[in-house]
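Read top to bottom, the protein sequences are chains A and B. Counting from 84, one number per residue, gives the positions in the first sequence under the numbering used here. Counting from 84, one number per residue, gives the positions in the second sequence under the numbering used here. Below is one structure; the comments refer to it alone.
Protein chains: 2
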Amino acid sequence: MTYCVALCLEKGMVFLSDTRTNAGVDAIGTFRKMVIFEKDKNRLFTMMSSGNLAITQSVKEMLIQGQKFDGVNLWNAKSSYDAALVVGKAIREVKARDEEALNSSNIDFNCNFIFGGQIKGEKHRLFNIYSAGNFVESTPETCYFQIGEAKYGKPILDRVINYETSLELATKCALISMDSTLKSNISVGLPLDLMVYQKDAIEKHLAISIDEQNPYFSMLRNLWGQKLTEIIMSVEDPNWSEQDHQTKISTHSNRLGPIPTIEN
Amino acid sequence: MTYCVALCLEKGMVFLSDTRTNAGVDAIGTFRKMVIFEKDKNRLFTMMSSGNLAITQSVKEMLIQGQKFDGVNLWNAKSSYDAALVVGKAIREVKARDEEALNSSNIDFNCNFIFGGQIKGEKHRLFNIYSAGNFVESTPETCYFQIGEAKYGKPILDRVINYETSLELATKCALISMDSTLKSNISVGLPLDLMVYQKDAIEKHLAISIDEQNPYFSMLRNLWGQKLTEIIMSVEDPNWSEQDHQTKISTHSNRLGPIPTIEN
């Protein structure tokens with residue numbers, strides 16, 4: 084599996100991906116899921132992928148080779164929307180080529196891409212592109228996308244992130260979201276690729292790979308576990324005494340009755 | 084969907100379940116997923132269920148009716164293990180009755196139960212019982228089970244819980260695990276049923292239903308979101324300056340190279 088998350092915020096974008104692939108528990112490998120497309124101060128896109136690796140690598144290869152669809156590729160697309168269309172068309176070309184053979188082996192055509200960035204003169208934009216080649220764009224109300232093993236790392240994003248969140252806080256939040264996933268699911272693994280983009284820069288602000296030895300990430304994950312335990316301990320305990328039953332944690336104004344109890 | 088979690092700890096047990104069922108987004112209902120079986124100071128079991136409601140209700144009905152399998156039911160089973168076998172056999176009886184008809188409608192035979200408690204003279208024990216009627220028991224190393232929408236609420240458990248955790252802390256942690264799930268997945272919903280059991284008591288320590296109006300749960304969920312944001316803000320930001328690149332968040336000793344960048 085895979086976990087990738089990207090946020091498109093007022094001040095820029097954050098992309099974070101793991102690098103583990105697996106086909107069963109005994110076939111584990113490390114593959115980069117992030118790739119950056121950069122044309123000097125004209126456009127910069129970051130793409131992350133999940134799903135069948137043979138599919139996602141083929142799609143990536145077409146994009147890297149600059150293959151044109153109706154005359155358009157990532158380098159000459161007029162808008163980020165048009166660039167996302169290029170990614171979608173590359174997916175459809177791989178689908179046309181491989182789906183029948185995959186299905187005959189009982190394998191679904193399965194791939195997902197997060198694609199985003201900025202073309203000079205346009206705002207920064209983020210897209211979630213599906214196996215069918217169609218896609219949705221993020222908005223200020225729904226400003227992040229996840230692909231792969233998304234559930235473990237979703238609560239922290241839902242609790243902390245909004246469109247006005249700073250890039251620093253968003254980066255920490257993405258790293259914690261990833262760490263929650265790493266801790267609870269062995270199909271997601273280090274190293275991580277992190278890309279932070281400041282809007283209108285049209286160049287990488289930060290693009291680094293983070294492994295087990297990275298001091299900041301090690302500090303963050305240790306500190307986080309510790310702080311979580313601290314706050315949960317600092318929150319007032321439910322008090323089980325009869326009096327508190329009535330006030331703190333009680334059935335009063337409860338719309339269901341007591342828990343069904345069968346006695347013998 | 085459903086989310087249920089149970090912890091079997093040194094000092095006792097905590098069970099927590101939601102009450103939402105859904106068949107698609109337009110067929111949402113409230114059904115209790117927790118039931119308690121109690122025989123005065125002799126035995127006390129708590130059972131929670133997920134999966135197909137028609138199946139889980141049938142299984143529950145057989146257990147409530149005291150149906151015997153090879154002469155054994157929940158009221159006369161000699162051990163909690165034997166009681167878990169009774170639940171497994173009830174599942175198999177429903178399976179024998181309904182599976183063919185379900186399959187002919189392209190519906191899987193799908194149910195999961197968490198079942199645990201204590202019989203006088205034996206320690207408190209917790210089981211995760213599958214659709215096939217087989218089951219596993221928790222251990223001090225793996226002291227909790229989840230069924231249903233388990234992923235959202237797993238990271239907090241993995242970070243905080245161990246076998247020595249107090250019942251108060253475990254209860255708070257289960258409530259936060261549930262709240263993370265409620266916040267990120269609309270197929271899980273209030274009210275909640277909470278049962279706390281102190282080992283060797285062979286009676287309910289606390290068995291309450293928690294709805295939107297419950298003051299303690301409201302306080303906990305508001306406070307938690309706020310505290311999470313506070314700690315994440317209090318953690319040192321990654322510093323993007325060139326110098327700090329080399330020390331705090333850098334590629335040094337990284338086992339992968341830089342993120343692949345395609346230039347044009």
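The beta-carbon is built from N, C-alpha and C at its ideal position, and this holds for glycine as well. In this text the structure is predicted, and so the values were computed from the model without any measurement.
Classify residue i as helix, strand or coil using the three-state DSSP reduction.
i: Q326 of chain A; result: Confidence at Q326 of chain A is low in this model, with a pLDDT of 41, below 50, so its placement is unreliable and the value that follows should be read with caution. Helix.
i: T344 of chain A; result: strand
i: F300 of chain A; result: helix
i: M84 of chain A; result: coil
i: K172 of chain B; result: helix
i: C91 of chain A; result: strand
i: R243 of chain B; result: Here the sequence assigns Val to residue 243 of chain B, which means Arg is not the residue at that position. V243 of chain B falls in the helix class under three-state DSSP.
i: N159 of chain B; result: coil
i: I315 of chain A; result: helix
i: R115 of chain B; result: coil
i: G134 of chain B; result: strand
i: R180 of chain A; result: helix
i: V271 of chain A; result: coil
i: L265 of chain B; result: helix
i: V142 of chain B; result: helix
i: G308 of chain A; result: helix
i: Y227 of chain A; result: strand
i: N186 of chain B; result: helix
i: K203 of chain A; result: coil
i: I285 of chain A; result: coil
i: Y280 of chain A; result: strand
i: E121 of chain B; result: strand
i: A290 of chain A; result: strand
i: E295 of chain A; result: coil
i: E220 of chain B; result: strand
i: V129 of chain A; result: First, the residue type needs correcting, since residue 129 of chain A is Thr and not Val in the sequence shown. Correct three-state label for T129 of chain A: strand.
i: R99 of chain B; result: The displayed chain sequence assigns Leu, not Arg, to residue 99 of chain B. If DSSP states are grouped into helix, strand and coil, L99 of chain B belongs with the strands.
Tell me which same chain residues have a C-beta within less than 8 Å of the C-beta of residue i, skipping the five on either side of it?
i: N245 of chain A; result: C226
i: K116 of chain A; result: T85, C87, S100, D101, T102, M131, S132, S133, T139 and D276
i: K206 of chain B; result: K282
i: N52 of chain A; result: With chain A covering only 84 through 347, there is no way to say anything about residue 52 of chain A.
i: I239 of chain B; result: C256, I259, S260 and S263
i: G149 of chain B; result: N156, L157 and W158
i: L136 of chain A; result: T104 and F114
Count the other CB atoms within 10 Å of the CB of residue i; is the residue buried (16 or more) or exposed (fewer)?
i: K143 of chain A; result: buried
i: G204 of chain A; result: exposed
i: E232 of chain A; result: buried
i: R338 of chain B; result: exposed
i: F196 of chain B; result: buried
i: E325 of chain B; result: At E325 of chain B, the pLDDT of 45 sits below 50, so the modelled position is not reliable; the number obtained from the coordinates is stated separately. Exposed: under 16 other Cβ atoms inside 10 Å.
i: K161 of chain A; result: exposed
i: F114 of chain A; result: exposed
i: V279 of chain A; result: buried
i: G340 of chain A; result: exposed
i: Q201 of chain A; result: buried
i: G107 of chain A; result: exposed
i: I147 of chain A; result: exposed
i: P298 of chain B; result: exposed
i: A284 of chain A; result: exposed
i: A215 of chain B; result: exposed
i: Q309 of chain A; result: exposed
i: S188 of chain B; result: exposed
Beta-carbon within less than 7 Å of residue i's beta-carbon, same chain only, minus the 5 sequence neighbours each way: which residues are those?
i: L348 of chain B; result: Lying before the first or after the last residue shown, residue 348 of chain B is absent from chain B, which here runs from 84 to 347.
i: F218 of chain B; result: A167, G171, F210, N211 and I212
i: S141 of chain B; result: V177
i: S350 of chain B; result: Nothing about residue 350 of chain B can be read from this structure; chain B reaches only from 84 to 347.
i: D165 of chain A; result: V155
i: Y235 of chain B; result: S263, T264, S267 and N268
i: E247 of chain B; result: E93
In chain order, what residues of the same chain lie with their CB nearer than 6 Å to the CB of residue i, ignoring the 5 residues before and after it?
i: F152 of chain A; result: V169 and K172
i: L273 of chain A; result: D294 and E295
i: L185 of chain B; result: F192
i: L289 of chain A; result: V279
i: I174 of chain A; result: V142 and G216
Open item on the list: For the pair the region 173-185 of chain A and the region 262-281 of chain A, tell me if three or more CB-CB distances fall below 8 Å.
Closed with: No, because fewer than three Cβ pairs between the region 173-185 of chain A and the region 262-281 of chain A fall closer than 8 Å, the two stretches do not touch.
Open item on the list: Give me the subset of the region 254-272 of chain A whose CB atoms are less than 7 Å from a CB atom of chain B, sorted by chain position.
Closed with: T254, K255, C256, I259, S263, K266 and S267
- [ ] Please confirm if the region 288-306 of chain A is in contact with the region 213-223 of chain A, defined as three or more CB-CB distances below 8 Å between the two stretches.
- [x] no
Open item on the list: Any C-beta of chain B within less than 7 Å: which residues of the region 293-324 of chain A qualify?
Closed with: Across the region 293-324 of chain A, CB contacts with chain B closer than 7 Å involve D294, Q296, N297, P298, Y299, L303, L306, G308, K310, L311, T312, I314, I315, M316, V318, D320, P321 and W323, in sequence order along the chain.
Open item on the list: Using 8 Å as the cut-off, can you tell me whether the region 310-321 of chain A makes contact with the region 113-128 of chain A, which would need three or more C-beta pairs spanning the two stretches below that distance?
Closed with: no
Open item on the list: Can you pull out the residues from the region 239-252 of chain B whose beta carbon lies closer than 8 Å to at least one beta carbon of chain A?
Closed with: Those would be I239, D241, R242, V243, E251 and L252, in chain order.
- [ ] Check each residue of the region 103-129 of chain A: if its Cβ is closer than 9 Å to any Cβ of chain B, include it; give the result in chain order.
- [x] T113, R115, M117, V118, I119, F120, E121, K122, D123, N125, R126 and T129
TODO: Using a Cβ-Cβ cut-off of less than 9 Å, give me the residues of the region 275-286 of chain A that come near chain B, in sequence order.
DONE: D276, L277, M278 and V279
Task: Residues of the region 132-161 of chain A with Cβ closer than 7 Å to any Cβ of chain B, in chain order - done: I147 and W158
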